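Below is one structure, written out as structure tokens, with a few remarks after it.
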């Protein structure tokens with residue numbers, strides 16, 4: 653990639669949910685450099701759900 657090129661990708665909500673699950677299941681091996689990305693994705697998914705949906709999603713997949 654050239655210096656002024658940027659990477660741009662729009663994730664679907666389903667992709668983001670899977671990323672959140674991946675990070676949660678593999679937390680011990682996720683590089684610290686991905687911390688901000690991890691927190692942002694989790695926050696986005698959490699805030700896109702009702703409290704009940706979030707409880708089910710995060711509890712069923714822990």
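Residue numbers (the numbering used here): 653 to 714.
Glycine is no exception: its CB is placed at the ideal position from the N, C-alpha and C atoms.
Predicted model only: the values in this text are computed from it and were never measured.
- The C-alpha of residue 695 lies about 10 angstroms from the C-alpha of residue 689.
- One alpha carbon belongs to residue 682, the other to residue 693, and they sit about 14 angstroms apart.
- In chain order, 682 and 690 place their CB closer than 6 angstroms to the CB of residue 675, counting only its own chain and leaving out the 5 sequence neighbours on each side.
- Assignment of residue 666 by DSSP, reduced to helix, strand and coil, places it in the helix class.
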